[in-house]
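Residue numbers (this note's numbering), protein chains in the order written: chain A, -2 to 152; chain B, 1383 to 1711.
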Amino acid sequence: MRINGTRQNLSVEPRVTLLDALRNYLDYTGAKKVCDRATCGSCTVILGGKMVYSCSVLAIEAQGKDITTVEGLSTNGKLAPIQAAFVENDAQQCGFCTPGFVVACKAFLDKHPSPTLADVEKGLGGNLCRCGTYAGVRQAVLAAANTMRGGQKNG
Amino acid sequence: MRAFEYASPTTKEQAVALLNNQWGETEVLAGGMDLLSLMKDDVTRPGRVINIKEIKELHGLQYSPSTGLRIGALVTLQELLENETVRKEYPSLAQAAEGVTSPQIRDLGTVGGDLCQRPRCWYFRGGFGLLAQDSSGKSLVLEGENKYHAILGNSGPAYFVNPSSLAPALIALGAKIRLFGPKGARDVAAGQFFVTPKTNQEREYALKTNEIVTELLVPPTGGARNATYEVRQKEALDWPLAAAAVSLKMSGKNVTSARIVLGHVAPVPWPVPDAEKFLAGKTVSEQVAQDTGGAAVTGAKRLSQNGYKVQLARVAVKRAILRAAEGGA
Chain A
-2 MRINGTRQNL SVEPRVTLLD ALRNYLDYTG AKKVCDRATC GSCTVILGGK
48 MVYSCSVLAI EAQGKDITTV EGLSTNGKLA PIQAAFVEND AQQCGFCTPG
98 FVVACKAFLD KHPSPTLADV EKGLGGNLCR CGTYAGVRQA VLAAANTMRG
148 GQKNG
Chain B
1383 MRAFEYASPT TKEQAVALLN NQWGETEVLA GGMDLLSLMK DDVTRPGRVI
1433 NIKEIKELHG LQYSPSTGLR IGALVTLQEL LENETVRKEY PSLAQAAEGV
1483 TSPQIRDLGT VGGDLCQRPR CWYFRGGFGL LAQDSSGKSL VLEGENKYHA
1533 ILGNSGPAYF VNPSSLAPAL IALGAKIRLF GPKGARDVAA GQFFVTPKTN
1583 QEREYALKTN EIVTELLVPP TGGARNATYE VRQKEALDWP LAAAAVSLKM
1633 SGKNVTSARI VLGHVAPVPW PVPDAEKFLA GKTVSEQVAQ DTGGAAVTGA
1683 KRLSQNGYKV QLARVAVKRA ILRAAEGGA
């Protein structure tokens, strides 16, 4: 697998999920194991350009594929626009859903560079936050979209 | 998850040769959105898992105005939703796929998997079997938590609801499901694909243990306007509480014939011929749509906690008819 641009070799049993492979074998602990049943979104990673629940993909199915985890979003210690927007828009509380949410937001923005609020609500339907930070998350996505288009922050 | 043997065949012949004659001993892995959860919960304990995603001919979607739409079983819900022909000719299918409100599930979840996913009944998921019975064979549903269970086709012993999003629309559109087994291919009408099990050992679809779904064949609409309407508890990921798909042949605002199928209200998708007859020959209006909804649920039987679903099913029919009459193909 190529994880965040780095080739990683791994030998695991077929029953090991991509999420467990990332967390327990390769120390990418950004993706979180919460429901482990393709429901909550905290394990979201980008696999071959698609946003997926890594808890519900077998590691063996991800063989040879490109994977982006939350660890791969920042460059040289500089936060990606969506990460910075999460900070500025108070888009997290306890933080447990946040890595999955950030990756889902990134994948969403890659496909929808100029989203409306309604697009954002629809596009993030696969992630849950028990603290209820949805309003902040939506604002963060809109702000990041603006930044990425070259506009002013929080404009 | 328990250990299993993993196979990734590249042809459908190889795939069916790896299946065997006992449900649960082997399981077919497509998108994995349901199967892996069932395995983690020990609801199914396959000794062998067959990944069919490397079988190229099960991918892809083709349309011709004369023969209609062919959807490979491995087409994802997102691919279905984004297809321009589907959106234009078969909006009921696009709307049903859109109702799977998690992009993560739509990105990996397949149309074949949507049909073959197992019921969401919490007794089934909790290990009490497909029929949700205690050790004496008594139903846990009737005196238990049944607010999401069936309001139609619920004379027992099955009380779960069919979880498929696409099935009502496929049936309303007159689609066929193509299956492949050791003896070759066979086609089953979408309405015949789902069956109500009588025992815990059966499955809720017409597949044999050594068959797989290979494609869905949807005939040309012939100009029939079609739509799906789902009533949901929330916008984020969840299964609908009730849904209706309709396909209406119309002359102006007048309905010449109708197919109406309810979803998430019975152990199988539930066609409502009485409501279809009621609507035929009438001009669509809000009142007619509402009365058709009423006709669709006349046979409903409430359990102790799910009476509200009768009203939701009625509303789903009404809104699906109005949506189809407004837009549609």
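Don't be surprised by glycine CBs; every beta carbon is placed ideally from N, CA and C.
Quick one: which chain B residues come within Cβ less than 8 Å of residue i?
i	result
Val100 of chain A	What Val100 of chain A touches in chain B: nothing, since even the nearest Cβ is about 10 Å away.
Glu118 of chain A	Glu1617
Ser8 of chain A	Neighbours of Ser8 of chain A on chain B: none; closest Cβ ~13 Å, over 8 Å.
Leu139 of chain A	Those do not exist, as Leu139 of chain A stays about 17 Å from chain B at its closest Cβ, beyond 8 Å.
Asp63 of chain A	Residues of chain B passing the Cβ test: none, with the nearest at roughly 15 Å.
Please compile the residues from chain A whose C-beta is within a distance smaller than 9 Å of the C-beta of residue i.
i	result
Pro1602 of chain B	By Cβ distance, chain A contributes nothing, its closest Cβ being about 30 Å from Pro1602 of chain B, past 9 Å.
Leu1463 of chain B	By Cβ distance, chain A contributes nothing, its closest Cβ being about 12 Å from Leu1463 of chain B, past 9 Å.
Report the neighbours of residue i on chain A: residues whose CB is nearer than 7 Å to its CB, in chain order.
i	result
Ser1484 of chain B	Gly122 and Gly123
Asp1786 of chain B	No information on residue 1786 of chain B is available, as it lies outside the stretch 1383 to 1711 that chain B covers here.
Phe1386 of chain B	Pro11 and Arg12
Asn1433 of chain B	Glu58
For the alpha helix (DSSP H) that contains residue i, what are its first and last residues?
i	result
Asp1424 of chain B	It is not in any alpha helix (DSSP H) - Asp1424 of chain B carries neither H nor E in the DSSP assignment.
Gln1499 of chain B	Per DSSP, Gln1499 of chain B belongs to no alpha helix (DSSP H) and is neither H nor E.
Ser1474 of chain B	Pro1473 to Glu1480
Met145 of chain A	Tyr131 to Met145
Ala81 of chain A	Pro78 to Glu85
Thr1408 of chain B	Run containing Thr1408 of chain B: none in the alpha helix (DSSP H); it sits in the beta strand (DSSP E), Thr1408 to Leu1411.
Gln1460 of chain B	Leu1459 to Glu1464
Thr95 of chain A	Thr95 to Lys108
Glu1708 of chain B	Tyr1690 to Glu1708
Thr1581 of chain B	Element bounds for Thr1581 of chain B: n/a, residue is neither H nor E.
Leu55 of chain A	No alpha helix (DSSP H) contains Leu55 of chain A, which DSSP labels as neither H nor E.
Thr1674 of chain B	Glu1668 to Ala1678
Ile1487 of chain B	Pro1485 to Leu1490
Ile1553 of chain B	Ala1549 to Ala1554
Find the residues of chain B that neighbour residue i, judging by a C-beta separation of less than 7 Å, and give them in chain order.
i	result
Gly38 of chain A	Gln1486
Val84 of chain A	Simply none; closest approach about 24 Å.
Ala35 of chain A	Met1415, Ser1419 and Ile1487
Less than 8 Å between the beta carbons of residue i and residue j, yes or no?
i	j	result
Pro1653 of chain B	Ala1532 of chain B	no
Lys1580 of chain B	Pro1539 of chain B	yes
Leu106 of chain A	Met145 of chain A	yes
Leu1555 of chain B	Ser1629 of chain B	yes
Asn1402 of chain B	Thr1393 of chain B	no
Tyr22 of chain A	Glu68 of chain A	no
Arg1427 of chain B	Gly1406 of chain B	yes
Val1487 of chain B	Leu1685 of chain B	Looking at the sequence provided, one finds Ile at residue 1487 of chain B rather than Val. No. Outside cutoff.
Gly1645 of chain B	Ala1549 of chain B	yes
Ala82 of chain A	Ala140 of chain A	yes
Glu1527 of chain B	Leu1561 of chain B	no
Ala1662 of chain B	Ile1703 of chain B	no
Leu70 of chain A	Leu15 of chain A	no
Met48 of chain A	Ala88 of chain A	no
On the DSSP bridge list, what partners appear for residue i?
i	result
Pro1653 of chain B	B:Val1643
Ser1517 of chain B	Note: Ser1517 of chain B sits in no beta bridge, so no partner.
Glu1597 of chain B	B:Gly1454 and B:Arg1560
Arg(-1) of chain A	A:Arg4 and A:Asp63
Tyr1587 of chain B	B:Phe1576
Thr113 of chain A	In DSSP, Thr113 of chain A forms no bridge with anything.
Val1523 of chain B	Answer is none; Val1523 of chain B lacks a bridge partner.
Thr14 of chain A	A:Leu55
Val1637 of chain B	B:Met1632
Lys1616 of chain B	Beta-bridge pairing links Lys1616 of chain B to no other residue.
Lys75 of chain A	A:Thr72
Looking at the unbroken beta strand (DSSP E) that takes in residue i, where does it start and where does it end?
i	result
Asp1569 of chain B	Gly1566 to Ala1571
Gln1404 of chain B	Per DSSP, Gln1404 of chain B belongs to no beta strand (DSSP E) and is neither H nor E.
Ala1624 of chain B	Ala1624 to Ser1633
Gln1444 of chain B	Leu1443 to Ser1446
Thr41 of chain A	Thr41 to Leu44
Lys47 of chain A	Lys47 to Tyr50
Val1613 of chain B	Arg1607 to Val1613
Ile1432 of chain B	Arg1430 to Asn1433
Ala1389 of chain B	Glu1387 to Ala1389
Residues of chain A with CB under 8 Å from residue i, in chain order?
i	result
Ala1520 of chain B	Here residue 1520 of chain B is Lys; the residue named in the question, Ala, does not match the sequence. Simply none; closest approach about 28 Å.
Leu1561 of chain B	The premise fails here: Leu1561 of chain B is roughly 24 Å from chain A at the closest Cβ pair, so nothing lies under 8 Å.
Give me the chain B residues within the contact set of residue i, using Cβ-Cβ distance strictly less than 9 Å, ordered along the chain.
i	result
Thr41 of chain A	Gln1486
Ala142 of chain A	Those within 9 Å of Ala142 of chain A in chain B number zero; the least Cβ separation is about 16 Å.
Asp87 of chain A	What Asp87 of chain A touches in chain B: nothing, since even the nearest Cβ is about 21 Å away.
Would you check whether the ligand FMN has a heavy atom nearer than 7 Å to the C-beta of residue i?
i	result
Thr1638 of chain B	Among the components of this structure there are no ligands whatsoever, and the ligand FMN is therefore not found.
contact_flag[the segment 94 to 105 of chain A, the segment 25 to 37 of chain A] where n(CB pairs < 8 Å) is 3 or more: Touching, per the Cβ criterion.
Three-pair Cβ contact test at 8 Å for the segment 1694 to 1709 of chain B versus the segment 1665 to 1683 of chain B: Three or more pairs of CB atoms, one per stretch, sit closer than 8 Å, so the segment 1694 to 1709 of chain B contacts the segment 1665 to 1683 of chain B.
Touch test, the segment 1467 to 1474 of chain B against the segment 1437 to 1456 of chain B, Cβ-Cβ under 8 Å, three pairs minimum: yes
contact_flag[the segment 1593 to 1613 of chain B, the segment 1483 to 1498 of chain B] where n(CB pairs < 8 Å) is 3 or more: The segment 1593 to 1613 of chain B is in contact with the segment 1483 to 1498 of chain B.
At least three beta-carbon pairs within less than 8 Å, the segment 1601 to 1619 of chain B to the segment 116 to 128 of chain A: yes
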